[in-house]
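Each residue of the sequence shown is one higher than the one before, counting from 4 in our numbering.
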Amino acid sequence: MKNILLAPNPTGTGHNIRMLNIGKELLSKNNSLNITVLLGSRQDVFTELFTQAKINVIDLSPSGIIDHSKESHLSFDLDWDNMISKYFVPTFFNGDKILKYIELISKCDTDIVISDYNINATIAAIILGKKNVFVTERHNFTLVDIPLEDLNNAGFNVNTEEIITAKRNLRLLFNWILTNTDLLITDKVILPEFSDNLKINNPKINFVGSIYKPRHGTDLSNFDYSQKYIVATATNTTMIKEDSILTVKTYVSAFEKFSKKVKGYKLVLIGDIPELTLISKNNDIISLPYFPNWEKLILNAQLLWSHPGWISVTEIAYLGIKSIFYLPSFMEYHEVEAFNRLKFLDLPTVAGSNPDKLSDLTIQILDGQYDSKIANAYHILNPDKNGLEKATNKILALIESEVSI
4 MKNILLAPNP TGTGHNIRML NIGKELLSKN NSLNITVLLG SRQDVFTELF
54 TQAKINVIDL SPSGIIDHSK ESHLSFDLDW DNMISKYFVP TFFNGDKILK
104 YIELISKCDT DIVISDYNIN ATIAAIILGK KNVFVTERHN FTLVDIPLED
154 LNNAGFNVNT EEIITAKRNL RLLFNWILTN TDLLITDKVI LPEFSDNLKI
204 NNPKINFVGS IYKPRHGTDL SNFDYSQKYI VATATNTTMI KEDSILTVKT
254 YVSAFEKFSK KVKGYKLVLI GDIPELTLIS KNNDIISLPY FPNWEKLILN
304 AQLLWSHPGW ISVTEIAYLG IKSIFYLPSF MEYHEVEAFN RLKFLDLPTV
354 AGSNPDKLSD LTIQILDGQY DSKIANAYHI LNPDKNGLEK ATNKILALIE
404 SEVSI
């Protein structure tokens, strides 16, 4: 029996979902595997989901639920101290956490570590000489992919010399991980136009498309799926807390403008809404808490307004959901590269406080004006619907091999 350790990055729910999909699919192919997940965020939601899938759960934060959508992660000053010392090191490259992962990997008698952009866990696995898989929607550390000009234009006070130094050394670290991992699986399409750090001709690197497992969506009680409605993802991991509020304000304003031109629609906001007072008096706006199994809700929606988080993007593309991708501010630097890819693929996008554009685009999409563009882009993002199959077959081959591939 092989012992498999799943290590999702604790910074976002998408990493948990992707690891859940991979873990369930691995067990469906080989039920003799002993799989354990190291769970570090939204344990209130995901502990039960992993347990139901017969995956053992180790709670990395048993003293409290971790939710990264409720706080800022960066200041407006972008320099070595704020970007590296206060953000990157505590979150991604943390000696204390690496040592704890070394202990957990050893205690679980692990044969292979599958990390979902969990840098600390990957480094621990490499130190121990364990087989390891790196699952990622990032083709480099995000800061490396963003030009200094874009960071300045976003409104950051950039210390140019220190950020150039940070970018150079982060690139070296990512390439070291790439050299020392046994298998890299990505669901982000490799585009030559974006000077991708990942190269198609490297046998370790596998673009598979959406790592999505079809499932029955949560059936919301007292919700009328036959009504016309737009779903909007209102909260996600943010760099600047104010952007969560701006997102809700933009959605509400855009919906009010849209409703004056098109009657009979509801807006369904998903997430822990930071400004409930904005929507309390509008009977056409429904607020729902975050829930991971939203398939039924979005399949029955006329349109989705979504942040450009790549794991959400790939799920949306897999399901063929008409969507507008919204970025409240380019200070959300971790989503700028993904946002630019979506623009490059000619998908509908809106940035900043621009409710008029969001309203107008919504009308155009509902009128069918973007159907062919959306279909073409989704085919590029998800060429076939067997990304999970391809990913788990590669992982199983590594598990069963005597040497790393």
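We put the CB at the ideal spot given by N, CA and C, even for glycine. Quick caveat, the model's predicted, so the values are computed rather than measured.
Out of ASN156, GLY390, GLN305, PHE144, the CA that lies nearest to the CA of PHE96 is found in PHE144. In terms of Cβ geometry, SER290 and ALA237 form a close pair [threshold 9 Å]. Beyond the five residues adjoining it in sequence on each side, ALA320 comes within less than 7 Å, by CB distance, of SER213, TYR381, LEU384, ASN385 in the same chain, given in chain order. Burial of TYR329 is indicated by the presence of at least 16 other C-beta atoms within 10 angstroms of its C-beta. Contact check between the stretch 246-256 and the stretch 346-364: three or more CB pairs, one atom from each, fall below 8 Å, which counts as touching.
Within the same chain, ASN123, ILE126, ALA127 come within 7 Å of ILE101 by CB-CB distance, once the 5 residues on both sides are set aside. Burial state of SER404 is exposed, judged by a 10 Å Cβ sphere holding fewer than 16 other Cβ atoms.
The straight-line gap separating the alpha-carbon atoms of LYS260 and TYR232 is approximately 15 Å.
Its chain contains LEU146, VAL147 as the residues whose beta carbon lies nearer than 7 Å to that of LYS170, once the 5 sequence neighbours on both sides are disregarded; these appear in chain order.
In the DSSP secondary-structure assignment, TRP83 is not bridged to any residue. Collapsing the DSSP output to three states places VAL192 in coil.
In this structure, the beta-carbon distance from GLU318 to HIS219 does not fall below 9 Å. With distances taken between CA atoms, LYS57 lies nearest to ILE38 out of ASP47, PHE49, GLY43, ILE38. Residue range 37-42 is occupied by the beta strand (DSSP E) that includes ASN37. Between ASP114 and MET22, the C-beta gap is not smaller than 9 Å, which leaves the two residues out of contact. Scanning the stretch 284-321 from its first residue to its last, the whole beta strand (DSSP E) runs of 3-plus residues come out as 288-291, 306-309. Look at the beta carbons and you see the stretch 154-174 not touching the stretch 130-140: under three pairs across the two are nearer than 8 Å. Counting along the chain, no beta strand (DSSP E) covers PHE96, and no H or E run does either.
Distance from the Cα of LYS27 is smallest, within the candidate group TYR215, LEU151, LEU81, for TYR215.
Annotation: the stretch 196-273 contains the following complete segments of the alpha helix (DSSP H) (minimum length 4 residues), in chain order: 245-264. At the C-beta level, THR189 and VAL211 come within 9 Å of one another.
Under the DSSP definition of a beta bridge, ASN6 partners with ASN37. Secondary structure of ASP62 (DSSP, three-state): strand. Ranked by Cα distance from ASN178, the first of ILE368, VAL161, ILE208 is ILE208.
When C-alpha distances from LEU322 are compared across VAL339, SER332, ALA304, TYR90, the shortest belongs to ALA304. Residue pairing by DSSP places PHE137 opposite SER118, LEU187 in a beta bridge. Here SER35 is exposed. Its C-beta has fewer than 16 other C-beta atoms within 10 Å. The criterion of a C-beta distance shorter than 9 Å is not satisfied by ALA400 and SER309.
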